Each structure stands twice: as structure tokens, then as C-alpha cells.
Ligand code: ADP
Ligand code: GLC
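Numbering (this note's numbering), first residue to last: 1 to 490.
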């Protein structure tokens with residue numbers, strides 16, 4: 001039996017991306033289709049989504065619009081791989097310039113509860129045959145934006161007399177990041193059109209407010225997150241964000257499935273965005289990428305100076321305050337640092353200041369630039385991901401593929417994907433990068449010193465780099481695990 005699955009999310013690469021979520025919502029459905037699933041995606045009709053989808057045509061008028069003057073469901077396809085994508089056209093909600101979540105002052109839009117309730121509600125309607133030609137058996141929602149889908153499904157099932165949503169569709173919720181919880185004032189509950197008793201500790205209520213994320217966790221038939229270690233971490237008080245008890249209570253329905261890499265997008269042998277192509281058996285192109293990177297950022301042209309790269313959202317999660325503290329360790333040893341990122345003003349200023357102080361060895365580009373991200377991963381010797389917490393992390397996986405050794409804090413998906421270049425791991429032939437344990441500047445500094453030490457041992461460096469490049473983090477193994485989960489539910 002072919003499994004029909006609808007992925008519900010707010011981002012999709014290459015149409016709209018603020019982080020790794022978009023990479024996953026694009027690659028996972030494609031990998032599921034390869035395995036024989038009938039997968040589609042549902043997105044809000046943000047301007048770049050409406051502009052980027054091909055062959056858009058109306059499917060149905062949405063009879064609830066949560067305050068938008070009008071809302072319709074359209075169906076199109078993603079150019080490139082023809083992935084079918086449903087889009088909610090409600091221009092008053094979604095056709096706004098800038099960030100999909102924040103206004104020009106970086107404040108969440110005042111109507112975010114309604115904007116994303118519409119997304120969850122439309123997902124449930126698709127399961128109820130809003131599109132006569134296609135209805136999902138599995139509704140798979142990602143992060144808080146899609147968190148209400150399961151609640152609407154449950155409400156619909158109850159109306160039909162079934163206790164679980166079984167009669168309608170089964171639901172999966174994936175946590176990409178527990179730090180974003182979709183919290184709104186309790187007063188907005190009435191606007192959601194959910195049964196009154198859903199505003200409950202066993203429901204969408206969270207310490208007196210509404211939480212879309214909690215709704216997602218509570219009403220889903222199965223919960224997944226994006227690495228096995230993060231699945232364990234979020235069941236603890238330290239990392240559960242107040243939801244640890246719920247998650248622990250649902251431990252039997254919670255599984256960590258590692259994200260994969262889309263090697264059609266991230267492969268140095270085929271990447272059109274980088275200065276020269278290379279592969280593990282032909283590495284000379286990587287040196288050219290490094291030289292091009294040094295030139296682009298006007299750093300000293302030195303091929304033997306290790307270049308450390310950062311491509312990241314500049315938020316507290318990413319631990320880059322620690323890197324600012326450990327930066328002298330890089331500069332004093334003759335290394336270079338290239339940073340691409342956007343986010344918190346204090347981090348943007350900190351890196352900008354460092355670049356002014358050390359124009360020959362530190363460079364920063366503030367902004368979001370997909371092509372430049374590829375150039376940095378290709379040109380760097382080491383990619384830094386010192387995150388406080390990291391559900392999975394894709395940057396370190398891209399780094400491995402591009403022969404840039406990842407330097408990471410041992411948390412979440414970083415712990416699951418990088419093996420430290422300790423003496424014993426080097427001897428065993430398992431090392432792929434640098435891993436530090438304590439989240440302290442001196443621990444990061446020590447890992448940076450290890451990177452310099454290995455860099456000075458050319459043969460060990462090349463072997464470690466080649467091992468990382470040969471690793472396979474493609475989607476097929478993880479997609480098979482999602483398929484097994486769907487089969488269990490369906
Ligand atoms: P997160 O989703 O928490 O941001 P991930 O490592 O999973 O972290 O994914 C980040 C994704 O976003 C990667 O594809 C990375 O290349 C990309 N990215 C982050 N910041 C930028 C930026 N400033 N410009 C371009 N790409 C970026
Ligand atoms: C989140 C996490 C990141 C993960 C990504 C995709 O944004 O912060 O660790 O890789 O989602 O799942």
C-alpha cells in the first residue's frame with residue numbers, strides 16, 4: 001500500500017529558508033518518494049513561496065480564515081524535482097516583506113497565532129478530503145508553526161465519534177528545536193476554534209498560556225526529533241524547556257532520527273557555487289577554494305594558515321559568544337576566521353569589532369547568503385559549531401562532505417555525528433573532527449589548539465579529512481526509519 005503523507009511546515013528550501021528546517025522539509029519528502037511514498041508538502045503562501053512554485057492552481061476555498069479576508073488552497077510543484085506542494089494563499093497573512101515570523105523591528109507579528117493556526121487547520125482539512133483528488137493518511141508536522149494540526153485532527157475525529165484521530169488520519173510531530181515554542185496569550189484561545197476543553201494542562205495550555213509546540217507534542221500519535229542524543233536530552237529538566245515531563249511521559253512514542261544531507265545540493269564534486277570542484281581523490285580544488293575565500297574577504301593569502309569558518313544564525317543557541325572569547329587563540333597562532341551570519345546585535349557587533357581589529361585574519365559578512373555559505377564550507381579547513389544545544393545540526397555534516405573538519409560541542413546531533421581527533425581515535429582510524437565537552441571558553445580554546453596541532457601533522461590531517469569526506473550521511477537510512485514509523489501508524 002502506498003503511504004500518502006503530508007508534510008506541514010513553514011519553510012522549504014530553496015523557496016524560503018532561515019535555517020536547517022528548510023533543508024529537511026525539502027529533502028525528506030523527496031527521499032520518501034524515492035522509497036515509494038506519496039509525499040506532499042503544505043506551506044503558508046509567503047511571497048517567495050507563491051513566486052517560486054510552478055503550475056499553481058486553486059484547489060478549494062478555505063471556509064475558515066482566522067481573520068484574513070480570504071484564504072484559498074492552491075497546489076503547485078517545486079521546480080527542479082516536481083515535489084507537489086500545497087500553499088495557503090492568504091495575502092493579508094503571508095504576503096509581507098522580510099522575515100516570515102518577525103516585523104521590521106524584529107518583533108513577532110501580533111497575529112502569528114492566527115497565521116499559523118490557519119496552517120494547522122488547513123492541514124487537518126486536507127486529511128478530511130478538502131482536495132477531492134488527494135488526502136493524506138499521515139499528517140507530519142514540523143515545529144511549532146504546524147503544531148496545531150494534530151489538535152484540529154483530534155477535534156475532527158471526536159466530532160465523528162472516534163476517540164483517537166484514527167478515523168481521520170494519523171499524526172507525526174517532529175521537533176527541530178524545542179527553544180521556539182509558539183507561546184501566545186490565553187485570550188487568543190477563542191480565536192482558534194478548538195473545543196473548549198482543549199484549553200487544559202492535557203491539551204494546548206502551558207503555564208496559563210497557549211503553546212503551539214506543546215499542542216504538537218500532546219496531540220501527535222508519534223513524536224520524533226532530529227537526533228538520538230537530543231531525544232534523550234529533551235527529557236531532562238536542563239534541556240526540556242518545561243516540556244520534559246510531557247516528553248518523558250511519551251517516551252514510548254518519541255524517537256530520534258538523524259537528519260541527512262542532500263548530496264545533490266551539498267557535494268564539492270558538483271557544486272556550481274564554489275571556485276573549483278574537488279573530491280576525496282582529487283583535492284587540489286579545495287586549495288583553490290581556500291585561496292578564493294581569502295581573496296574575497298581580503299585576508300592574507302597564506303595557504304598554510306588554517307581557516308576557521310562559521311555559517312550560522314547568530315543566536316544564543318549557537319554558542320558563538322564562546323568563540324568570541326576564544327578568538328585570540330586563533331589569531332595568535334596564525335589562523336584565520338571567516339564568519340557568515342545574521343541575528344543578535346551583540347554577536348554581530350562582537351564579530352564586526354574583531355574583524356576591524358584583525359583585518360588580515362578575521363572577516364565577517366552579516367546577512368543570509370546561500371552561495372557564500374557553500375564557498376565558506378569549501379574554503380575552510382575547520383568549521384566551527386560550538387552550540388550550547390543542537391537538535392541535529394547540518395553545518396557539521398556539510399563540513400564533513402567538503403573536507404572542512406568540524407569543531408563541535410558534544411551535545412545533541414553534534415555528539416552523534418562527529419568523532420574527536422583524540423590520540424586513540426586517530427590510532428583507531430575513527431576521528432573526523434574536534435569535540436569539546438565543557439561549555440567553557442578554555443575548553444573551546446583547547447579544541448582550537450588541537451586543531452592547530454593536527455594541522456601541523458599533515459598526514460594525520462589528510463587522513464582525518466578523507467575519512468569525513470567518505471562518510472555517508474545521505475537521507476536514505478533516515479527516510480527508511482520514517483517510513484517504518486508511518487507503516488506502524490497506518
Ligand atoms: P539551524 O537550523 O539551527 O540554523 P542547522 O545547522 O541545522 O542549524 O542548519 C543551518 C542551515 O542554514 C544550513 O543549511 C546553513 O548553511 C544555513 N545558514 C545558516 N546561516 C546562514 C547564513 N547566514 N547564510 C546562508 N546560510 C545560512
Ligand atoms: C533546527 C535545529 C538544528 C536542526 C534543524 C533541522 O533549526 O536547530 O539543529 O539541524 O532544525 O532539523
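Beta carbons: idealized from backbone N, C-alpha and C, even for Gly.
Just so it is clear, the structure is predicted and the values come from calculations on it, not from any experiment.
Is residue i near the ligand GLC, with its Cβ less than 7 Å from a heavy atom?
i           : result
residue 390 : yes
residue 474 : no
residue 28  : no
residue 335 : no
residue 32  : no
residue 24  : yes
residue 435 : no
residue 356 : no
residue 394 : yes
residue 216 : no
residue 7   : no
residue 176 : yes
residue 259 : yes
residue 139 : no
residue 413 : yes
residue 226 : yes
Report yes if the C-beta of residue i is less than 7 Å from at least one heavy atom of the ligand ADP; otherwise report no.
i           : result
residue 311 : yes
residue 262 : no
residue 21  : yes
residue 340 : yes
residue 367 : yes
residue 373 : yes
residue 348 : no
residue 425 : no
residue 370 : yes
Closer than 6 Å by C-beta to residue i: which residues in its own chain qualify, once you throw out the five before and the five after it? Chain order, please.
i           : result
residue 392 : 226, 227, 259, 413
residue 8   : 42, 123, 141, 146, 149
residue 473 : 260, 261, 397
residue 452 : 333
residue 411 : 389, 390
Just reading off the alpha helix (DSSP H) that residue i is part of, what are its end residues?
i           : result
residue 476 : 476–489
residue 283 : Looking at the DSSP string, residue 283 is not in any alpha helix (DSSP H), and its letter there is neither H nor E.
residue 309 : Element bounds for residue 309: not the alpha helix (DSSP H) but the beta strand (DSSP E), 307–314.
residue 87  : Counting along the chain, residue 87 falls outside any alpha helix (DSSP H), though it belongs to the beta strand (DSSP E) covering 84–89.
residue 350 : 345–357
residue 374 : 370–379
residue 214 : 212–219
residue 469 : 458–470
residue 190 : Element bounds for residue 190: n/a, residue is neither H nor E.
residue 399 : 395–401
residue 386 : Where residue 386 is concerned, there is no enclosing alpha helix (DSSP H), given that its DSSP letter is neither H nor E.
residue 330 : 320–332
residue 224 : Run containing residue 224: none in the alpha helix (DSSP H); it sits in the beta strand (DSSP E), 222–225.
residue 436 : Careful: residue 436 lies outside any alpha helix (DSSP H), inside the beta strand (DSSP E) at 434–436.
If you count every other CB in all the chains shown that lies within 10 Å of the CB of residue i, and 16 or more means buried, which is it?
i           : result
residue 248 : exposed
residue 58  : exposed
residue 143 : buried
residue 256 : buried
residue 357 : exposed
residue 64  : exposed
residue 402 : buried
residue 103 : exposed
residue 114 : buried
residue 219 : buried
residue 294 : buried
residue 201 : exposed
Taking the beta strand (DSSP E) that residue i belongs to, which residues open and close that run?
i           : result
residue 58  : 54–61
residue 170 : 170–175
residue 77  : 72–77
residue 6   : 4–8
residue 197 : Per DSSP, residue 197 belongs to no beta strand (DSSP E) and is neither H nor E.
residue 365 : 362–366
residue 39  : 38–44
residue 406 : 405–409
I'd like the list of long-range same chain contacts for residue i, defined as Cβ closer than 7 Å, with 5 residues on each side in sequence excluded.
i           : result
residue 466 : 280
residue 13  : 22, 23, 26
Quick one: residues in its chain with C-beta nearer than 8 Å to the C-beta of residue i, no 5 flanking neighbours on either side, listed in chain order?
i           : result
residue 313 : 18, 19, 341, 342, 343
residue 135 : 4, 126, 127, 128, 129, 169
residue 303 : 287, 290, 291
residue 440 : 322
residue 180 : 143, 144, 213
The ligand NAD heavy atoms versus the CB of residue i: any closer than 7 Å?
i           : result
residue 120 : With respect to the ligand NAD, the structure shown offers nothing to examine, as its ligands consist of the ligand ADP and the ligand GLC.
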